[in-house]
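Inspection log for the structure reproduced underneath, given as structure tokens.
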Amino acid sequence: METGKSDSEHFSIVEVAELSKKFDKMTAVDKICFNVRQGELFGFLGPNGAGKTTTINMLTGLARPDSGTIRIGGLDCTENPKKAQHLMGIVPDESNLYPELSGFDNLCFCAALYGMPKKERLVRAGELLETFGLKEAGNRKFGGYSKGMKRKLTIAAGIIHYPKILFLDEPTTGIDVASARQIRQLIADLHRDGTTIFLTTHYIEEAERLCGRIAFIVKGRIVQTETVANLLQPVQEKHIMLISFSASAKDIVKELASEFRDIQIYPVSAGQIRVESEKPVRAGALARFIEDQGAEVTEARKLNPSLEDIFVRITGIEVNAMKNEKEKKGGNS
Amino acid sequence: MRQWIAFWNIILKDMRAYYLKPPNISWGLIFPVAWTGMFFIKSGSGKESIPSLLPGVIAISVLFGTTSMLAVTVTFEKKNRSFERLLLAPISLELLMLAKTSGAIFFGAANALVPVILAMFLADLSQVAWMTVLPAVFLIAVASTFLGLFIAVSVSEVFEAQTFSNFFRFPMIFLCGLFFPIDSLPIFLKPLSYLLPLTYGADILHGAVHGKNIMPLGLDFLLITGFCIALFCISLRNVNRKWIV
Ligand SMILES: Nc1ncnc2c1ncn2[C@@H]1O[C@H](COP(=O)(O)OP(=O)(O)OP(=O)(O)O)[C@@H](O)[C@H]1O
Ligand SMILES: [Mg+2]
Numbered sequence: 012m013e014t015g016k017s018d019s020e021h022f023s024i025v026e027v028a029e030l031s032k033k034f035d036k037m038t039a040v041d042k043i044c045f046n047v048r049q050g051e052l053f054g055f056l057g058p059n060g061a062g063k064t065t066t067i068n069m070l071t072g073l074a075r076p077d078s079g080t081i082r083i084g085g086l087d088c089t090e091n092p093k094k095a096q097h098l099m100g101i102v103p104d105e106s107n108l109y110p111e112l113s114g115f116d117n118l119c120f121c122a123a124l125y126g127m128p129k130k131e132r133l134v135r136a137g138e139l140l141e142t143f144g145l146k147e148a149g150n151r152k153f154g155g156y157s158k159g160m161k162r163k164l165t166i167a168a169g170i171i172h173y174p175k176i177l178f179l180d181e182p183t184t185g186i187d188v189a190s191a192r193q194i195r196q197l198i199a200d201l202h203r204d205g206t207t208i209f210l211t212t213h214y215i216e217e218a219e220r221l222c223g224r225i226a227f228i229v230k231g232r233i234v235q236t237e238t239v240a241n242l243l244q245p246v247q248e249k250h251i252m253l254i255s256f257s258a259s260a261k262d263i264v265k266e267l268a269s270e271f272r273d274i275q276i277y278p279v280s281a282g283q284i285r286v287e288s289e290k291p292v293r294a295g296a297l298a299r300f301i302e303d304q305g306a307e308v309t310e311a312r313k314l315n316p317s318l319e320d321i322f323v324r325i326t327g328i329e330v331n332a333m334k335n336e337k338e339k340k341g342g343n344s
Numbered sequence: 034m035r036q037w038i039a040f041w042n043i044i045l046k047d048m049r050a051y052y053l054k055p056p057n058i059s060w061g062l063i064f065p066v067a068w069t070g071m072f073f074i075k076s077g078s079g080k081e082s083i084p085s086l087l088p089g090v091i092a093i094s095v096l097f098g099t100t101s102m103l104a105v106t107v108t109f110e111k112k113n114r115s116f117e118r119l120l121l122a123p124i125s126l127e128l129l130m131l132a133k134t135s136g137a138i139f140f141g142a143a144n145a146l147v148p149v150i151l152a153m154f155l156a157d158l159s160q161v162a163w164m165t166v167l168p169a170v171f172l173i174a175v176a177s178t179f180l181g182l183f184i185a186v187s188v189s190e191v192f193e194a195q196t197f198s199n200f201f202r203f204p205m206i207f208l209c210g211l212f213f214p215i216d217s218l219p220i221f222l223k224p225l226s227y228l229l230p231l232t233y234g235a236d237i238l239h240g241a242v243h244g245k246n247i248m249p250l251g252l253d254f255l256l257i258t259g260f261c262i263a264l265f266c267i268s269l270r271n272v273n274r275k276w277i278v
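These protein sequences, in sequence, are chains D and L. Its first residue numbered 12, the first sequence is counted upward by one per residue in the numbering used here. Its first residue numbered 34, the second sequence is counted upward by one per residue in the numbering used here.
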């Protein structure tokens, strides 16, 4: 597996150039360009309505691009995605297997759609049920599965034909924490075993943990594409602190800024500020200064820099707002 | 080869998931029996009227058997998004739609057996040209399945598919010369009759069962085949336009 990797590393399985899509007058995807290299786990990170699903639909053949080009596995799929569909595994954001068939039959059917001979199908379906911890449920109808089980089986169905590139659309949205963790582990295992993966998500931690490279997409545009390591580097050299107190942050920020000129101060919420500095933050001095202004400091906490900071900086989107909106949406469905 | 494995398994899956389910089988049996009984009693005549009623009952059994299935195999699967799975599979759209309709065609054609077998017990069918009935039943099944497909692709809800297909089916009983000759229709309805594929299928059956066709059978065959091809092509185009956004 390791041998020959340097050759294949440069080979792009997905090559997208200037891809655009409008729905009526609304631009859903706006001239995006990116490559997914063989063997990599590429993340597509963005808030609701950013254009993630629309992009996957164009790549896989459920939507027609207005302009731009798509190459998958070296084949030009802009006009005719059918040509490369045998190379793709697709796991949509909602499970779309057949409720009236059992888990096992669903997998066998999906394998047959890709032309796998019967003997091979039966073996492969059994193996995947085992790998995904669904062996017991294999003979039960898919319609009766829990959300987490449904998602797992949908992923199993997506990889049943050994695809060269796997598209995962928000694989952990709308399921409980334990199932989400299992699914992340499964994704990591798949990637380790050599599957190239294109993953969309709005969970920053998920992208940070799983992906090698990330494209940030906002309102249909890719604002940055970078490896996670490179993204994190500038913040890792920073010292960040979160301070909470019993006063309005706005007034304090002004006072602090004039007193401590070597640090950056941002209000986070009514009684909370965020302090960033190239040098270690002098927490004691800060706290004393705030208390001198007549406020009581309730907490001062050092933060580990994360991708979240980068995301906020690049996109200008508050992460919590994005998450809450999404959970509301997921909770209803 | 790979495409044919997919093709065959789509048919098998639909058979198992939909067609061979007890409600469908009993529906397929009860419906033709009910129609046969109704027209038999209504006509008030004796057993000798059976050969003239048989073509209409065959056609109606096929028509209702096929069109109602497409609402499930296509509209329902589109609604719950499992149809996307098929669109994403490496199988051409033509072959995919053929696979989705083949089950309904065979199911509909099998429905025609019910009135035929019943009639065999009740009347003398020795002069029926079975070798003409057979392809006619098949073509009626194909035409009404593709009509069902056309409807299934035009709507997005299952109930819409049902309503919309009744909008076609019930008028067809009267307009296509199944039980009443087209000649007895009011003059302004006649052109409508000739726009419906079932008219030609029923005419073949009348000719084959009791020798009373109004058009040459060759022309009937040609026209109904033409309708099949046209309906299939329109449906394909609609899928391509509406479902690949
Ligand atoms: N079939 C469609 N018709 C009209 N508008 C659409 C269609 N599909 C998507 N859109 C619009 O395109 C934009 C991008 O949608 P898309 O589903 O790609 O976003 P997303 O990034 O996947 O969001 P989410 O996180 O909610 O899944 C949205 O504004 C959406 O309303
Ligand atoms: Mg989406």
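No residue lacks a Cβ here, since even glycine has one placed at the ideal position from N, Cα and C. Being a predicted model, the structure only gives us computed values, none of them experimental.
Own chain residues within Cβ distance below 7 Å of residue i, not counting five before or after
{"i": "D/Glu307", "result": "Phe256, Ser257"}
{"i": "D/Ser344", "result": "With a pLDDT of only 34 at D/Ser344, under the threshold of 50, the placement of this residue in the model should not be trusted; the figure read from the coordinates follows. Gly185."}
{"i": "D/Asn160", "result": "Just to set this straight, residue 160 of chain D is Met in the shown sequence, not Asn. The residues are Leu145, Ala148."}
{"i": "L/Ala122", "result": "Ala39"}
{"i": "D/Pro103", "result": "Asp180"}
{"i": "L/Ala241", "result": "Val161, Ala162, Thr165, Val166, Ala169"}
{"i": "D/Val264", "result": "Ile276, Pro278, Ile284"}
{"i": "D/Glu217", "result": "Thr183, Arg195"}
{"i": "D/Gly62", "result": "Ala39, Val40, Ile228, Gly231"}
{"i": "D/Leu139", "result": "Leu118, Ala167, Ile171"}
{"i": "L/Ile91", "result": "Ala145, Pro148, Val149, Val170, Leu238"}
{"i": "L/Leu87", "result": "Pro148, Ala152, Val242"}
Best match in the options for proximity to residue i [C-alpha to C-alpha]
{"i": "L/Ile247", "options": "L/Phe221, L/Met164, L/Glu81, L/Gly210", "result": "L/Gly210"}
{"i": "L/Arg49", "options": "L/Gln36, L/Ile83, L/Lys133, L/Phe72", "result": "L/Lys133"}
{"i": "L/Ile43", "options": "D/Lys158, D/Arg293, D/Asp116, D/Arg203", "result": "D/Asp116"}
{"i": "D/Ala136", "options": "D/Ala167, D/Gly154, D/Tyr125", "result": "D/Ala167"}
{"i": "D/Glu111", "options": "L/Ile74, L/Asp236, L/Tyr51, L/Val242", "result": "L/Tyr51"}
{"i": "D/Ser106", "options": "D/Gly169, D/Ala74, D/Arg75, D/Leu56", "result": "D/Gly169"}
{"i": "D/Phe227", "options": "D/Tyr173, D/Ala240, D/Thr212", "result": "D/Thr212"}
{"i": "D/Gly155", "options": "D/Lys129, D/Tyr109, D/Thr183", "result": "D/Tyr109"}
{"i": "D/Glu289", "options": "D/Glu248, D/Ile321, D/Lys313", "result": "D/Glu248"}
{"i": "D/Val27", "options": "D/Gly54, D/Thr66, D/Pro58", "result": "D/Thr66"}
{"i": "D/Thr165", "options": "D/Gly100, D/Ala294, D/Gly79, D/Gly57", "result": "D/Gly100"}
{"i": "D/Asp273", "options": "D/Leu73, D/Val292, D/Glu131, D/Leu177", "result": "D/Val292"}
{"i": "L/Val191", "options": "L/Leu129, L/Leu86, L/Lys111", "result": "L/Lys111"}
{"i": "D/Lys129", "options": "L/Ser268, L/Lys245, L/Trp37", "result": "L/Trp37"}
{"i": "D/Arg203", "options": "D/Cys222, D/Asp187, D/Val188, D/Ala191", "result": "D/Cys222"}
{"i": "D/Leu70", "options": "D/Leu318, D/Gln304, D/Ile43, D/Gly282", "result": "D/Ile43"}
{"i": "L/Thr178", "options": "L/Ser101, L/Leu119, L/Trp68", "result": "L/Ser101"}
{"i": "L/Ala142", "options": "L/Phe116, L/Ser125, L/Thr99, L/Gly251", "result": "L/Thr99"}
{"i": "D/Ser157", "options": "D/Ser259, D/Pro58, D/Asp187", "result": "D/Asp187"}
Same chain, Cβ closer than 6 Å to residue i, neighbours up to 5 away in sequence not counted
{"i": "L/Leu45", "result": "none"}
{"i": "L/Tyr233", "result": "Asp253, Leu256, Ile257"}
{"i": "D/Phe22", "result": "Gln49"}
{"i": "D/Leu210", "result": "Gly54, Leu179"}
{"i": "D/Leu253", "result": "Arg285, Arg312, Leu314"}
{"i": "L/Arg270", "result": "none"}
{"i": "L/Leu32", "result": "No answer is possible for residue 32 of chain L: the residues shown for chain L start at 34 and end at 278."}
Same chain, Cβ closer than 8 Å to residue i, five either side skipped, listed in chain order
{"i": "D/Glu270", "result": "Phe300"}
{"i": "D/Asn150", "result": "Ser113, Gly114, Phe115"}
{"i": "D/Gly15", "result": "Only weak support is given to the placement of D/Gly15: the predicted model assigns it a pLDDT of 41, under 50, and the question is left unresolved by the model."}
{"i": "D/Asn68", "result": "Ala74"}
{"i": "L/Leu53", "result": "none"}
{"i": "L/Leu228", "result": "none"}
{"i": "L/Lys275", "result": "Val186"}
Residues that DSSP places opposite residue i in a beta bridge
{"i": "D/Asn59", "result": "BP columns for D/Asn59 are empty, so no partner."}
{"i": "L/Thr106", "result": "In the DSSP output, where bridge partners are listed per residue, L/Thr106 has none listed."}
{"i": "D/Ala136", "result": "None, per the DSSP bridge assignment."}
{"i": "D/Glu237", "result": "D/Ile225"}
{"i": "D/Ile101", "result": "D/Phe178"}
{"i": "D/Leu52", "result": "D/Ile208"}
Residues passing the C-beta test against ligand 1 heavy atoms, cut-off 5 Å | D/Phe34, D/Ala39, D/Asn59, D/Gly60, D/Ala61, D/Gly62, D/Lys63, D/Thr64, D/Thr65, L/Val278
Is the segment 150-164 of chain L in contact with the segment 174-192 of chain L, if contact means three or more CB pairs nearer than 8 Å?
-> no
Spell out a yes or no on whether the segment 105-115 of chain L and the segment 171-179 of chain L are touching, meaning 3 or more CB-CB pairs, one atom from each, closer than 8 Å.
-> no
Meets three-Cβ-pair contact criterion under 8 Å: the segment 191-199 of chain L and the segment 83-95 of chain L | no
Okay, do the segment 121-133 of chain D and the segment 86-94 of chain D touch, 3+ Cβ pairs below 8 Å being the bar?
-> no
Proximal residues, the segment 119-138 of chain L versus chain B, C-beta separation under 9 Å | Protein chains D and L are contained in the structure displayed, whereas chain B is not.
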